[in-house]
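Engineer:
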Amino acid sequence: MSLKDQVKSMDMSGIVEMCINQEQQAIDLYTLARDQAKDESARQKFQELVDMETVHKVSLGNFEIENYIELPPANLKVTDYLMEPELKDNMTTQEILILAAKREDKTARMYQDLADHFHFDKELNTFFQMMADEELRHKHDLETEYENEFLQEG
Amino acid sequence: MKRERPQSFNTVPMKERLTIPRQDMPEQDATLRSANFLEVNLGLTPEQAVIEAQRCIECKNPTCMEGCPVNIKIPDFIQLICNEDFIGAAKKIKEDNSLPAICGRVCPQETQCEEICVMGKRFEPVAIGRLERFVADYAMQHGNGSEEIFGKPKSTGQKVAIVGSGPAGLAVASDLIKEGHAVTVFEALHEFGGVLVYGIPEFRLPKAILREEVATLETMGVKFVKNFIVGRTMTIQELMADEGYDAVFLGLGAGLPRFMNIPGENLNGVYSANEFLTRSNLMRGYEFPEWDTPLYRAKHAIIVGGGNTAMDAVRTSKRLGADEASIVYRRSEEEMPARNEEIHHAKEEGVKFMNLVNPIEFIGDDQGSVIAAKCLRMELGEPDESGRRRPVPMEGSEFIMDVDMVVIAVGNGSNPLISQTTPEIETNKWGNIVADEDGRTSMDGVFAGGDIVSGGATVILAMGAGRKSAIAINDYLKAKVRSSA
Chain A
1 MSLKDQVKSM
11 DMSGIVEMCI
21 NQEQQAIDLY
31 TLARDQAKDE
41 SARQKFQELV
51 DMETVHKVSL
61 GNFEIENYIE
71 LPPANLKVTD
81 YLMEPELKDN
91 MTTQEILILA
101 AKREDKTARM
111 YQDLADHFHF
121 DKELNTFFQM
131 MADEELRHKH
141 DLETEYENEF
151 LQEG
Chain B
155 MKRERPQSFN
165 TVPMKERLTI
175 PRQDMPEQDA
185 TLRSANFLEV
195 NLGLTPEQAV
205 IEAQRCIECK
215 NPTCMEGCPV
225 NIKIPDFIQL
235 ICNEDFIGAA
245 KKIKEDNSLP
255 AICGRVCPQE
265 TQCEEICVMG
275 KRFEPVAIGR
285 LERFVADYAM
295 QHGNGSEEIF
305 GKPKSTGQKV
315 AIVGSGPAGL
325 AVASDLIKEG
335 HAVTVFEALH
345 EFGGVLVYGI
355 PEFRLPKAIL
365 REEVATLETM
375 GVKFVKNFIV
385 GRTMTIQELM
395 ADEGYDAVFL
405 GLGAGLPRFM
415 NIPGENLNGV
425 YSANEFLTRS
435 NLMRGYEFPE
445 WDTPLYRAKH
455 AIIVGGGNTA
465 MDAVRTSKRL
475 GADEASIVYR
485 RSEEEMPARN
495 EEIHHAKEEG
505 VKFMNLVNPI
515 EFIGDDQGSV
525 IAAKCLRMEL
535 GEPDESGRRR
545 PVPMEGSEFI
555 MDVDMVVIAV
565 GNGSNPLISQ
575 TTPEIETNKW
585 GNIVADEDGR
595 TSMDGVFAGG
605 DIVSGGATVI
615 LAMGAGRKSA
625 IAINDYLKAK
635 VRSSA
C-alpha cells in the first residue's frame with residue numbers, strides 16, 4: 001500500500017502517530033551514529049541532532065492544528081548539490097551536517113507531496129504543510145550552520 | 155587608567171596636516187610583477203614616512219590603539235617617526251608586537267587601527283600599517299634587533315614548550331623569553347613560521363623577513379626545533395612528564411583544508427588551497443626547476459573562494475604561468491572577505507573575477523584529470539547573521555566552462571591530531587580546542603590560542619591571543635613556584 005493510501009485509511013491521531021514514528025526513526029539513527037562515532041566532535045554533533053528531533057517529536061504529541069501559523073522558511077539550497085555522505089563511524093562534522101540537511105530535505109519533500117495530494121482536505125493539507133515547513137526549517141538551520149562554518153571563504 | 159600623551163615632535167601646523175595627502179606605497183609594475191614572485195609593495199621611503207607621520211593630528215583620545223589586537227602604542231611610534239627616530243619607533247612597536255615587519259605587511263589595518271583613525275572620518279586615515287612596516291624594515295636593515303631592546307632577563311629555571319611556530323606561537327615565545335623562561339618552539343614542518351611560511355606567498359611576505367624575525371627570537375634565547383610533530387614524535391604528556399616542561403602552549407593553527415563535497419573534487423588538477431600554496435611557498439615550487447617541486451602550468455585555473463587565501467592562490471597561479479586565472483565566488487565582490495588591497499592587486503595583474511557563480515561539479519577526462527567545471531549562477535537574497543547577503547542558486551542557470559586546474563579555497567579546519575592523542579583536552583564540535591579568554595584549556599598547564607581555538611582568522615588576532623596566553627602562562631608559572639616553595 002502506498003503512503004498516500006495508508007494515510008487515507010487513518011484518522012488524525014493515527015497520522016500524527018505515524019509522523020512521531022518518523023521522528024523516532026531519526027532519533028534512533030542519530031543515537032546509533034553518536035554511540036559509534038570515534039570522534040568527540042562528531043558525537044557532540046549527533047547529540048545535537050538527537051535533541052533537535054526529540055523536540056520535534058514532543059511538539060508533535062502536543063499538536064493542535066488551530067495553532068499552526070503558516071511561515072514557510074527560505075530554502076537556502078546550500079547542500080542540494082553536495083554529495084550525500086554515507087553514515088559511518090568516522091564522519092566529520094561537515095559530513096554530518098550534509099547528511100542531516102539532506103535527510104530533512106527528503107522528509108520535507110515527502111510531507112509536501114502529501115500536502116499537495118490532500119489539497120481537498122483542509123485538515124490533512126494543513127497538517128502535512130506544517131510538517132513540511134518544520135522539516136524545511138530544520139534544513140534551513142542546518143544549512144545556516146553549514147554556511148557559517150564551512151563556507152567562510154577566508 | 156588615563157594614558158599619558160607622547161611627546162610631540164610634529165612641527166606641521168594642525169590645519170596644514172589635514173591637507174597632506176596620504177602617502178602611496180611604491181609598488182612593482184603590475185605587468186612585470188604578474189610574472190615574478192618578488193614583493194609587490196616596495197615600502198615607504200624615509201621622507202614619505204615622515205610626511206605620513208606628520209598627518210597624525212595627535213588626538214587626545216586616540217582610538218587607533220583600540221583597533222589593534224595587541225594594542226601597539228601607535229601615537230607614540232608615530233611621533234618618533236616625526237622626529238626621524240626610526241629605531242626608537244621600532245623599539246616602541248616591539249614593546250607590544252614582536253613581528254612588526256610581518257604585521258606591517260599582512261595585517262588588515264583598514265578594518266582595525268586605520269578604520270577608527272579619527273583622520274579617516276573626514277579624510278583618509280593615517281597609513282599606520284605602512285608606517286609600521288617602514289620602521290620595522292628600517293630597524294632590520296640597521297641591525298637593531300629585539301635582543302638589544304630587551305636585554306637578557308634573569309632565568310626562572312622554568313621550561314615552556316610552544317607547539318607551532320605560526321604567529322600565535324611566535325608571539326608567546328617572544329613574551330615568555332623576556333620573562334626569563336626557557337622557551338622551545340616545536341614545528342612540524344621543515345621551516346619556521348607556520349601559515350606565514352606555507353600560506354602567504356613570497357610576493358606578499360618575503361621569506362627573508364620571516365627568517366629575520368625568527369632569528370631575532372633565537373638571538374633572544376628561544377630554541378627552535380623543526381620536523382617535530384607533537385602528538386606523533388612526542389605527546390603533550392611526554393613533553394611535560396618526561397621532558398620536564400612546566401607549561402605547554404598549543405598554537406597549531408587551522409591547517410586542515412576543507413573541501414566542498416561536490417563530485418569531481420578528487421580529480422587530478424583539483425587542489426586544496428593549502429596544498430597548492432604549500433607546494434609553491436614552503437616547497438618553493440615557484441623556483442622550479444632550481445627547487446624540485448613541480449606545479450602545473452594551467453591554461454585556465456579557477457580558484458573557488460573570495461578570501462585572502464583565494465587571492466594568494468589566484469595570483470600565484472598567474473605567476474606560475476596560467477594563461478587565464480579566475481576567482482569563482484558565490485557572492486558578489488561587496489561580500490568578499492579578502493582585503494581590498496589584495497583584490498585591487500589581483501585585478502591589476504589580470505585576474506578575472508566570476509562573482510555570483512558556484513561550482514557544483516568538476517568533470518574529468520578518461521585519464522582522471524579535470525577538464526571542466528559545471529557551475530550555477532547565484533543571486534543575492536536576504537542578509538545572513540554576518541550582514542552579508544546570502545547567495546541563492548538561480549534555477550536553470552547551469553553552465554559548463556573549460557578549466558584544467560582548480561584550487562578550493564573555502565576555508566580550513568583544525569587538525570584532529572591533538573584531540574585524538576590528548577583526550578584530556580576538550581574540543582568543540584568543530585574540532586577546535588576549547589580555551590578560556592586567557593587560553594587555559596581543560597588540561598592543567600596546557601594553554602592554546604590562535605586559529606586552533608578560534609578557527610581561521612588573521613595573523614594579528616592570533617598574535618593577540620598568543621599575548622594573552624603568555625600573560626596567563628607567566629602567572630601560572632609564578633603560582634607554581636609559590637606553591638612548591
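Order-wise, the sequence lines are chains A and B.
This note's numbering numbers the first residue of the first sequence as 1 and each following residue consecutively.
This note's numbering numbers the first residue of the second sequence as 155 and each following residue consecutively.
Note that beta-carbon positions come from the ideal geometry of N, C-alpha and C, so glycine has one too.
Nothing here was measured: the structure is a model prediction, and the numbers come from that model.
Report the three-state DSSP secondary structure of residue 296 of chain B (helix, strand or coil).
Structural biologist: Residue state, collapsed to three classes: coil.
Engineer: Measuring only between beta-carbons, confirm whether residue 570 of chain B sits less than 8 Å from chain A.
Structural biologist: Interface residue, yes.
Engineer: Identify the contact partners of residue 582 of chain B in chain A, using a Cβ-Cβ distance below 8 Å as the criterion.
Structural biologist: Simply 41, 44.
Engineer: What does residue 33 of chain A reach in chain B if we use C-beta pairs closer than 9 Å?
Structural biologist: Those within 9 Å of residue 33 of chain A in chain B number zero; the least Cβ separation is about 14 Å.
Engineer: DSSP state of residue 514 of chain B, grouped into three classes?
Structural biologist: Strand at residue 514 of chain B.
Engineer: Can you tell which of B:401, B:176, B:226 has the C-alpha that lies nearest to the C-alpha of residue 593 of chain B?
Structural biologist: Residue 593 of chain B has its Cα closest to that of B:401, out of B:401, B:176, B:226.
Engineer: Counting only C-beta atoms, is residue 88 of chain A closer than 8 Å to chain B at any point?
Structural biologist: Chain B contact via Cβ: absent.
Engineer: When burial is assigned at 16 or more other CB atoms within 10 Å of the CB, is residue 568 of chain B buried or exposed?
Structural biologist: Its Cβ being crowded by 16 or more others within 10 Å, residue 568 of chain B is buried.
Engineer: Looking at the secondary structure, which residues open and close the alpha helix (DSSP H) in which residue 530 of chain B lies?
Structural biologist: Element bounds for residue 530 of chain B: not the alpha helix (DSSP H) but the beta strand (DSSP E), 524–537.
Engineer: So, helix, strand or coil for residue 161 of chain B, using DSSP?
Structural biologist: If DSSP states are grouped into helix, strand and coil, residue 161 of chain B belongs with coil.
Engineer: At the 8 Å Cβ level, is residue 341 of chain B part of the contact set with chain A, yes or no?
Structural biologist: No, because no Cβ of chain A sits closer than 8 Å to the Cβ of residue 341 of chain B.
Engineer: Taking 6 Å as the limit between beta carbons, can you name the residues of its chain near residue 138 of chain A, skipping five residues before and five after?
Structural biologist: 104, listed in sequence order.
Engineer: Report the residue from B:194, B:511, B:174 whose alpha carbon sits nearest the alpha carbon of residue 183 of chain B.
Structural biologist: Out of B:194, B:511, B:174, B:194 has the C-alpha closest to the C-alpha of residue 183 of chain B.
Engineer: By the 10 Å Cβ neighbour count, where 16 or more other Cβ atoms means buried, how is residue 313 of chain B classified, buried or exposed?
Structural biologist: So residue 313 of chain B counts as buried.
Engineer: Give the secondary structure of residue 155 of chain A by DSSP, where H, G and I count as helix, E and B as strand, and everything else as coil.
Structural biologist: There is no way to answer for residue 155 of chain A, as the model of chain A reaches only from 1 to 154.
Engineer: Locate the alpha helix (DSSP H) running through residue 390 of chain B, then write down its first and last residues.
Structural biologist: From DSSP, the alpha helix (DSSP H) with residue 390 of chain B extends over 390–395.
Engineer: For residue 155 of chain B, which residues from the same chain have a beta carbon less than 8 Å from its beta carbon, with the 5 sequence-adjacent residues on both sides left out?
Structural biologist: Summary for residue 155 of chain B: the model assigns pLDDT 49, below 50, so the residue's position carries little reliability; its value from the coordinates is reported in the next sentence. Same-chain partners within the cutoff: there are none.
Engineer: Taking all protein chains shown into account, do 16 or more other C-beta atoms lie within 10 angstroms of the C-beta of residue 55 of chain A, making it buried, or fewer, making it exposed?
Structural biologist: By the neighbour-count rule (16 or more Cβ atoms within 10 Å), residue 55 of chain A is not buried but exposed.
Engineer: Pick out whichever of B:391, B:368, B:541 has its Cα sitting closest to the Cα of residue 380 of chain B.
Structural biologist: Nearest of B:391, B:368, B:541 to residue 380 of chain B, Cα basis: B:368.
Engineer: Residues in the same chain with beta-carbon distance under 7 Å from residue 648 of chain B, minus the five sequence neighbours each way, listed in chain order, please.
Structural biologist: There is no way to answer for residue 648 of chain B, as the model of chain B reaches only from 155 to 639.
Engineer: Could you check which residue in B:161, B:425, B:275 has the C-alpha nearest to that of residue 559 of chain B?
Structural biologist: Per the Cα distances, B:425.
Engineer: Can you give the Cα-Cα distance for residue 163 of chain B and residue 239 of chain B, rounded to whole angstroms?
Structural biologist: Going from the Cα of residue 163 of chain B to the Cα of residue 239 of chain B covers about 10 Å.
Engineer: Excluding five sequence neighbours on each side, which residues of the same chain lie with their C-beta closer than 8 Å to the C-beta of residue 84 of chain A?
Structural biologist: 98, 99, 102.
Engineer: Which residues share a DSSP beta bridge with residue 403 of chain B?
Structural biologist: According to DSSP, residue 403 of chain B bridges with B:316, B:601.
Engineer: Could you tell me if residue 213 of chain B is buried or exposed, where buried requires 16 or more neighbouring beta carbons within 10 angstroms of its beta carbon?
Structural biologist: Classification of residue 213 of chain B: exposed, given that the 10 Å Cβ count is below 16.
Engineer: Below 8 Å, how does it come out for the stretch 259–268 of chain B and the stretch 277–290 of chain B: are there three or more Cβ pairs, yes or no?
Structural biologist: They touch, by the three-pair rule.
Engineer: Determine the direct distance from the alpha carbon of residue 29 of chain A to that of residue 610 of chain B, and round the result to whole angstroms.
Structural biologist: Between residue 610 of chain B and residue 29 of chain A, the C-alpha separation is close to 32 Å.
Engineer: Mind reading off the beta-carbon distance from residue 455 of chain B to residue 349 of chain B? Whole number of angstroms is fine, and I expect it under 8 Å.
Structural biologist: Actually they are not in contact, since the Cβ atoms of residue 455 of chain B and residue 349 of chain B sit about 22 Å apart, beyond 8 Å.
Engineer: Using beta carbons (cut-off 8 Å, strictly below), is residue 390 of chain B in contact with chain A?
Structural biologist: Residue 390 of chain B does not count as touching chain A.
Engineer: Assign residue 68 of chain A to one of three DSSP states: helix, strand, or coil.
Structural biologist: Residue state, collapsed to three classes: coil.
Engineer: So, with DSSP's three-state summary, where would you put residue 81 of chain A?
Structural biologist: Of the three classes helix, strand and coil, the one that applies to residue 81 of chain A here is coil, per DSSP.
Engineer: Give me the Cβ distance between residue 377 of chain B and residue 337 of chain B, rounded to the nearest whole Å; I'm assuming they're in contact under 8 Å.
Structural biologist: Confirmed, Cβ separation roughly 7 Å.
Engineer: In or out: residue 232 of chain B buried (at least 16 other Cβ within 10 Å) or exposed?
Structural biologist: With 16 or more Cβ atoms within 10 Å of its Cβ, residue 232 of chain B is classed as buried.
Engineer: Out of curiosity, what's the CA-to-CA distance linking residue 399 of chain B and residue 158 of chain B?
Structural biologist: Rounded to whole angstroms, residue 399 of chain B to residue 158 of chain B spans 39 Å at the Cα level.
Engineer: On the DSSP letters alone, give me the boundaries of the alpha helix (DSSP H) that residue 432 of chain B sits inside.
Structural biologist: Per DSSP, residue 432 of chain B belongs to the alpha helix (DSSP H) from 427–434.
Engineer: First and last residue of the beta strand (DSSP E) that includes residue 556 of chain B?
Structural biologist: Note, residue 556 of chain B: beta strand (DSSP E), 553–556.
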